[in-house]
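Each remark here refers to the structure printed beneath this line.
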Amino acid sequence: MRARRRFLTLALAAGLASVAGVGGVAGAAEVGDVVTLPAVQLLDGRTVPPSHWAGKPLVIEVWASWCPFCALQNPRLQALYDSTRKAGHPLQVLTISIDKEPKVAADYLKQRGYTFPATMDSPDLRKALGPRKGLPELYVLDARGRVVQKELGEMLDDDVAALARYAK
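Residues -28 to -1, 1 to 140, numbered by mature numbering (1 follows the signal peptide of the UniProt record, and there is no 0), are exactly what the sequence shown covers, in order.
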């Protein structure tokens, strides 16, 4: 009985801590929230400062190499990335891998020919966006860093293509 009470107390404390955002992690970013991204090191080795994203719309996708829904959505995101560049209205994209090893994520991208910018998840990114709720997870930030769209789960072709409206 005593062990059970202790377990329940610890479980309750952990639940309350996660809801309260203890440890520097707030709730997940939602539409209307302003997100300030930290400097990130891309998988290609480049470091991108926070100022790089300022003043321009940005699509952020959280993914993993082992996620079947990400495997379906990533080609659509690559097509969006390419088409907005070709049209002269480049849409900034940052993808965040939650894979445990950068090599796994980098190999996945290379094998599939993806050229959109990718980084690894980090405590600073989790602080900026909040805890992950599922995969893939997609945010669209406007030029001021405000979340204007959030999607959890796979987006279909037309839905991803419609994100191009933010590039104008």
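The C-beta atom is built at its ideal place from N, Cα and C for all residues, glycine as well.
- When only Cα atoms are considered, Arg98 and Lys58 end up about 32 Å apart.
- Counting only the Cα atoms, Gly125 lies some 20 Å from Leu81.
- Membership of Tyr53 in the alpha helix (DSSP H) is indicated by the continuous run 40 to 58.
- In the three-state reduction of the DSSP assignment, Lys99 falls in the helix class.
- In terms of CA proximity to Lys72, Trp35 leads the group Leu113, Trp35, Leu128.
- The alpha carbon of Asp130 has as its nearest neighbour, out of Val31, Leu44, Arg48, the alpha carbon of Arg48.
- An exposed status is given to Ala11, since fewer than 16 other beta-carbon atoms sit within 10 Å of its beta-carbon.
- Counting only residues of its own chain and dropping the five nearest sequence neighbours on each side, Glu109 has a CB closer than 6 Å to the CB of Val34, Leu124.
- Here the alpha carbon of Gly(-2) sits roughly 26 Å from the alpha carbon of Asn46.
- Checking the DSSP bridge columns, you'll see Leu135 has no partner listed.
- Looking at the backbone, the Cα of Ala90 and that of Leu66 are separated by about 6 Å.
- Excluding sequence positions up to five before and after Leu15, its CB lies within less than 8 Å of the CB of Ser69, Pro74, Ala77, Ala78, Leu81, Ala90, Thr91, Met92, all in the same chain and listed in chain order.
- Annotated as distal: Pro29 and Leu52, with beta-carbon spacing of 8 Å or more.
- Short of 6 Å from the beta carbon of His61, and not among the five residues preceding or following it, lie these beta carbons of its own chain, in chain order: Ala139, Lys140.
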